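The next block holds one structure in the form of structure tokens; read it before the comments.
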Amino acid sequence: MTSRQPSEPHPRQPYQADADDRHDVAIATCEDCGDNFDLANSDPRTRVCAPCWDRSLEAVETAFLDNYAKFGAKAHRTVAEALFRSQALADPDDRKVIGMRIVEEYLNAAQELMALYVALRRRHEQPLLTTFTNFELNAPSVAAFRILTTGRTSDELMRDLQLPTLADVEAARGEIPRKDWRQFAGAVTAVADGIGRVQKVDQGVLLELADGLRQSSALTHKLEWLPDRVMNPDQVALVVLNQRRRVLMTHALAIHEPQLEVFIDAIDKITAASRDLIWLYLHVRDTLALEEQQTDTASGPQRGPQQGQKWGRA
Ligand SMILES: [Zn+2]
Numbered sequence: 003m004t005s006r007q008p009s010e011p012h013p014r015q016p017y018q019a020d021a022d023d024r025h026d027v028a029i030a031t032c033e034d035c036g037d038n039f040d041l042a043n044s045d046p047r048t049r050v051c052a053p054c055w056d057r058s059l060e061a062v063e064t065a066f067l068d069n070y071a072k073f074g075a076k077a078h079r080t081v082a083e084a085l086f087r088s089q090a091l092a093d094p095d096d097r098k099v100i101g102m103r104i105v106e107e108y109l110n111a112a113q114e115l116m117a118l119y120v121a122l123r124r125r126h127e128q129p130l131l132t133t134f135t136n137f138e139l140n141a142p143s144v145a146a147f148r149i150l151t152t153g154r155t156s157d158e159l160m161r162d163l164q165l166p167t168l169a170d171v172e173a174a175r176g177e178i179p180r181k182d183w184r185q186f187a188g189a190v191t192a193v194a195d196g197i198g199r200v201q202k203v204d205q206g207v208l209l210e211l212a213d214g215l216r217q218s219s220a221l222t223h224k225l226e227w228l229p230d231r232v233m234n235p236d237q238v239a240l241v242v243l244n245q246r247r248r249v250l251m252t253h254a255l256a257i258h259e260p261q262l263e264v265f266i267d268a269i270d271k272i273t274a275a276s277r278d279l280i281w282l283y284l285h286v287r288d289t290l291a292l293e294e295q296q297t298d299t300a301s302g303p304q305r306g307p308q309q310g311q312k313w314g315r316a
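Straight run, no breaks: the sequence shown in the numbering used here ends on number 316.
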């Protein structure tokens, strides 16, 4: 992948306007493959063509997912749990702030599990990293996710992602080590459980809050300063100024310890689901690659993809 200087003020590689083109289309030369490409919809500093860019994303996909499973996903749980522990000693106002930040971690974790699901589902159309990093939690994306996942069994979810189902694994039970079988079954269950927790993201004020948090982080514990606005003593509100509509929006959230415990539990389940979903995907991909190798090297057609180390570690 091409390294970039984020603060670079000017294009390092000057782009030439194509002299033959009357419309003065900006053309650049790809640093990776040497082909010319159109800069029409890109930053003029872009140095690689779209196909090379996609290939470079695919090249780092496994490492990215592996890192995210071990570190990035868990980060939301780490932060939320640390906040939860600290709120026991905090005064009531600080507890509201901490509560709001825990809910924010729930929203972050939920967004990433949805992003991962959608990215895996579209992996044959677009690099996984592109879908994953561009995914935004909002009303349309949550509605679309609901249509994909509501009322689905864990096996139906796996089938939707083109991953093996529990029924597939059950059928291969005699061929795979018991430890692998248990890990696989546990992962499939964890993914379904995490997806169930994510589906609650459009309840109450959560979606408006997710939207508001992209624009503001200003919290308030009182609303008497705004006309016709009231807030319960146990609530904290996010203040968002909508300049286009010329309104001050406030999204109030009640902070109760039992409610926060529900969020902590949800973050735990969601981050476990993200980790296990990545494990399933990488494991299955490695296994398929191994089978292909074996099919290539083994003699005779009797060694089909259904045999051998179907679910074994690669
Ligand atoms: Zn290229």
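For glycine and all other residues, C-beta sits at the position ideal for the given N, C-alpha and C. Every value quoted in this text rests on a predicted model; they were computed, and no experiment measured them.
Go through its chain and collect everything with a Cβ distance to residue i's Cβ below 6 angstroms, but skip five positions before and after it.
{"i": "Ala146", "result": "none"}
{"i": "Arg24", "result": "Here Arg24 scores only 45 on pLDDT, less than 50, and its place in the model is too uncertain to base an answer on."}
{"i": "Ala220", "result": "Val241"}
{"i": "Trp227", "result": "none"}
{"i": "Thr151", "result": "Ile197"}
{"i": "Asp37", "result": "Cys51"}
{"i": "Pro8", "result": "Any reading at Pro8 must be qualified, since the residue scores a pLDDT of 46, below 50, and its modelled position is unreliable; the value itself is stated next. The answer is none, since no qualifying residue turns up."}
{"i": "Ala121", "result": "Leu130, Thr133, Phe134"}
What do you reckon, is the C-beta of residue i under 6 angstroms from a heavy atom of ligand 1?
{"i": "Asp40", "result": "no"}
{"i": "Asp162", "result": "no"}
{"i": "Asp195", "result": "no"}
{"i": "Asp34", "result": "yes"}
{"i": "Asp45", "result": "no"}
{"i": "Asp37", "result": "yes"}
Given a cut-off of 7 angstroms, decide if residue j and residue i are closer than it, judged by their beta-carbon atoms.
{"i": "Ile1", "j": "Gln89", "result": "Residue 1 lies beyond the range of the chain shown here (3 to 316); nothing can be said about it."}
{"i": "Lys271", "j": "Arg199", "result": "yes"}
{"i": "Leu282", "j": "Ala189", "result": "yes"}
{"i": "Leu131", "j": "Ile280", "result": "no"}
{"i": "Ser276", "j": "Leu115", "result": "yes"}
{"i": "Asp34", "j": "Cys54", "result": "yes"}
{"i": "Ile269", "j": "Phe86", "result": "no"}
{"i": "Thr133", "j": "Arg124", "result": "yes"}
{"i": "Glu107", "j": "Ala82", "result": "yes"}
{"i": "Ile104", "j": "Leu290", "result": "no"}
{"i": "Ala169", "j": "Phe137", "result": "no"}
{"i": "His223", "j": "Asp95", "result": "yes"}
{"i": "Val264", "j": "Asp204", "result": "no"}
{"i": "Arg231", "j": "Leu225", "result": "yes"}
Apart from the five residues just before and just after residue i, which ones in its own chain have a Cβ nearer than 8 angstroms to its Cβ?
{"i": "Asn140", "result": "Leu209, Ala212, Asp213"}
{"i": "Val207", "result": "His253, Ala254, Leu255"}
{"i": "Ser218", "result": "Leu240, Val241, Val242, Leu243"}
Could you tell me how far apart the beta carbons of residue i and residue j are, in whole angstroms, since I believe they sit closer than 8 angstroms?
{"i": "Pro129", "j": "Glu60", "result": "5 angstroms"}
{"i": "Gln201", "j": "Arg246", "result": "Not quite, the Cβ-Cβ distance comes to about 31 angstroms (not below 8 angstroms), so this is no contact."}
Can you list, in chain order, the residues of its chain whose CB lies under 7 angstroms from that of residue i, leaving out five sequence neighbours each side?
{"i": "Thr273", "result": "Ala75, Lys76, His78, Arg79, Ala111"}
{"i": "Thr191", "result": "Ser156"}
{"i": "Cys32", "result": "Phe39, Val50, Cys51, Cys54"}
{"i": "Ala92", "result": "Ile100"}
{"i": "Asp278", "result": "Ala189, Ala192, Val193"}
{"i": "Lys98", "result": "His223, Val238, Ile257"}
- Between the segment 153-167 and the segment 182-199, do at least 3 Cβ pairs fall closer than 8 angstroms? Output reads yes: the segment 182-199 touches the segment 153-167.
- Message: Using a Cβ distance threshold of 8 angstroms, determine whether the segment 56-74 contacts the segment 282-294, with at least three qualifying pairs required.
- Response: They touch, by the three-pair rule.
- Task: Check whether the segment 228-242 touches the segment 69-87, counting contact only when three or more Cβ pairs, one atom from each stretch, lie closer than 8 angstroms.
- Result: Under the Cβ criterion (8 angstroms, minimum of three pairs), the segment 228-242 does not count as touching the segment 69-87.
- Task: State whether the segment 252-260 contacts the segment 158-173, with contact taken as three or more CB pairs (one from each stretch) at a distance under 8 angstroms.
- Result: At 8 angstroms Cβ cutoff, the stretches do not touch.
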